[in-house]
Each structure stands twice: as structure tokens, then as C-alpha cells.
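A quick write-up on the structure given underneath.
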Amino acid sequence: MFKKFFNLCFNLYYISPLDLADAAETNRIHTLFMSVILFLFGLTGLVIHNFIQEVNPFNYRIYFALFMLVSLCAFFISLKTKNVERKKAYIWKTLPFYMDFCLGISAGVYNFYILGQPFNGFIVFCITGFIALCAFSFSPFLFSICLTIGFGIMIPGLYANFVFTGIFDSVLVLFTMYFLSLYKRRAEKKFILMLKKQKKSLEARTFGNFTLLYENKVIKFARTKSTELMAYLIFKNGSSVRTKELISVLWGEYADSARYGASLRNLIVDIKHSLAELEIQQFFIAEYNNFRINPEIIKCDYYDFLANDPQAIKKFAGEFMNQYSWAEDVTGFLERKVLK
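Residue numbers (full-length UniProt numbering): 1 to 340.
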């Protein structure tokens, strides 16, 4: 009975870490911004409470100091994991999210008992859960475990402050978050399966001149630089690239960001429009001035080469994206890899 239930859950909700590598990068970027917000919240609270006469000032200082410490750790881990190997990306890039998430749950409990603010505590608990549901990709089971532990600790306080009605309302909110997390993971799995079907039609050829094809036809952009931008992102293999780096690659090391920023935005619009016309989804991703492609949904000889595919290695003839000067160093790297 238990085995059947486990197999059912596995088939419905399990997604391999490699398939979640792109979602992990989104988690990483969102955690960077969320950690900054939490750090500023802790810093502001600490400064303000130094000037306010509270009954237990030490408890408040611990509360805000924890926000600063944990969010700062999450921020720097998110920075360090940018270029982690894709097979390990989901674990390492999602770890800082769990740090911030557990911080939010713990803050709710701390408000509830230590600061003597049960209403604020439960609000913090709920806000933490719903922000996670809206902005992050995560395991619904780990999510549920964290929520259950936090809620279990708060049950005596809920009963003492809000009696049975408060407990019933809280359980309703809790189960709503449980089911939303399962629904989200199921929808995420269906979407990834759809993207994998798209992989059969989308191909990048990098040995020799760079060519991007969809259904065996070359994808033509309105601007020449759009093709080079896509080539560079494919070379980056799913890593996020900032605006400044793209401008440097496309227009030279000393190109002025202020001058070429508008040109880059035009390229982004061109790429989005061209891919949308072909109904290519979730391949080119732009988030908070970070740009990347999802390498899991495209066939690419360069990716096969990196995976030590014998046919790809045999196919390489010492040429890689010949049109672009920045690709010369990559050619040398590939040649050395062949000789090993």
C-alpha cells in the first residue's frame, strides 16, 4: 500500500535535478533579490529599535540580527553558485532559498512566542509560504515538512490566543499551501515534458559557423547582432550573463553601457519577437538584467562534445563559431580536450 502510494507520488511529482537546472538559476536570481530585501529589513529594524524603548530590546535585536546574518549568507552562497555544474545546480542554487524560507518560518514562530506578537507571527508564517509559492521552484515535500514543523510549534499558541476557531482557520491556510505546492510541481513537470518535445525541433550548430535552426530551417532575426547574442548565450551553457558583459562581447571591451544599452534592448526585443513567432517557449530567458538560454531544450553539438559524446568529438574539426572573435579561445579549449 505504502509502496504504491510512493510510486504514485514519484510519477506525479518527481523531476530530475538536471531538468530543474534552469529553474534553479531562477531560484538563485530571486534569492539574490530576496536576500537583499531581508537584509535591509533586518538592518532597518535594528537601527530603529536602537532608538525605541522596548520592553525586551535584546529579543528584538536578536530577531533583526538573525535576518541580517542568514540573508547575508544566502546572498553570498547565491553569488558563489552561479557557475556550478548543471547536474548539481538545483541542489546548490536552491539551498539559499531554503535558508531564507526557514528564516521566514522561524521568524513567525519567534514573533509568536518570544516577541509576544501571535497575530504578526502567523502573518509572517503565511507570507513566507505564499511568497515561496509565487516566486520559487522547490520540492513540495520539503516545503510541507518545513511548514508542518513551524505550524506544529505554533499550535499551543494558536489555541491560547485564538481558541479552536483560530486553529481551524490556520489548518485551512496550511492545507491550501500544501495543495498549491503539489499543483505547482505537477504543472511544472508537465511544462518540462512539453519543453522536451520542443528539443526535437530546436538545434544549434556551433562547429564551423554558428547556425540556429528550428524544424531544420535557419532562424532569421531582424538584426545581425541578435544571432551573435544567441551564440554567446549558447556558449555560456545556461549561465546568466549581465548586461555589461553582453555589451562588451557584442561591441567591444570598452563599449559604453549607457550608449549601447538601447541597442541591446532592441536585440532583446528582436529575439523575443522572432522566437515567439515560431512558438519557441522558455528558451531565451531574461530576468532582472540577467540573460540566459535553457540548454536542456535544444540539441547542440557543443553540448554533446562537453558530455564526451564520441560522434560530437569526431565531428569537431578545429572550428567553433568561426564568425565571432570571442570564440577563438573556446576553439583552443576544445582542441586541448580532443588531445587528452
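Positions of the beta carbon are idealized from the N, C-alpha and C atoms, including for glycine.
It should be emphasised that the depicted structure is a prediction, and the values quoted were computed from it without experimental measurement.
Alpha carbon to alpha carbon, what distance is there between residue j and residue i?
{"i": "M230", "j": "A327", "result": "13 Å"}
{"i": "I77", "j": "L95", "result": "8 Å"}
{"i": "T227", "j": "S325", "result": "14 Å"}
{"i": "E277", "j": "S239", "result": "25 Å"}
{"i": "T224", "j": "K189", "result": "35 Å"}
{"i": "N83", "j": "F168", "result": "45 Å"}
{"i": "T81", "j": "F33", "result": "15 Å"}
{"i": "F210", "j": "L334", "result": "15 Å"}
For residue i, does the count of other Cβ atoms within 10 angstroms reach 16, so buried, or fall short, so exposed?
{"i": "L20", "result": "buried"}
{"i": "L27", "result": "Rather than Leu, the amino acid found at residue 27 in this sequence is Asn. Label assigned to N27: buried."}
{"i": "Y288", "result": "exposed"}
{"i": "A132", "result": "buried"}
{"i": "E253", "result": "exposed"}
{"i": "Y303", "result": "buried"}
{"i": "Y159", "result": "exposed"}
{"i": "P118", "result": "buried"}
{"i": "residue 428", "result": "This structure does not reach residue 428, given that the chain is present from 1 up to 340, and the question cannot be answered."}
{"i": "C146", "result": "buried"}
Since I believe residue j is in contact with residue i (beta carbons under 8 Å), could you give me their beta-carbon distance rounded to a whole number of angstroms?
{"i": "Y98", "j": "G157", "result": "Actually they do not touch by this definition, with Cβ atoms about 24 Å apart."}
{"i": "H30", "j": "F125", "result": "Between F125 and H30 the Cβ distance is about 20 Å, and since that is not below 8 Å, they are no contact."}
{"i": "Y232", "j": "I247", "result": "About 11 Å separates the two Cβ atoms, so there is no contact after all."}
{"i": "L202", "j": "F283", "result": "7 Å"}
{"i": "L38", "j": "D100", "result": "6 Å"}
Considering residue i, what are the terminal residues of the beta strand (DSSP E) in which it resides?
{"i": "E319", "result": "First-last for E319: undefined, no H or E at that position."}
{"i": "I285", "result": "284-287"}
{"i": "M120", "result": "Residue 120 is actually Asn in this sequence, not Met. N120 -> not in any beta strand (DSSP E); alpha helix (DSSP H) instead, spanning 118-135."}
{"i": "F291", "result": "290-293"}
For the alpha helix (DSSP H) that residue i lies in, which residues bound it at each end?
{"i": "A11", "result": "It is Asn, not Ala, that sits at residue 11 in the sequence shown. 2-13 is the span of the alpha helix (DSSP H), which, as asked, contains N11."}
{"i": "F39", "result": "21-49"}
{"i": "N266", "result": "257-277"}
{"i": "Q311", "result": "310-315"}
Output the residue ranges of the alpha helix (DSSP H) runs that lie fully inside the stretch 162-243 and measure 4 residues or longer, sorted by chain position. Counting only runs of 4 or more residues that sit fully inside the stretch 162-243, the alpha helix (DSSP H) segments are 224-236, in chain order.
Which runs of the beta strand (DSSP E) spanning at least 3 residues fall entirely within the stretch 67-105, listed in chain order? none
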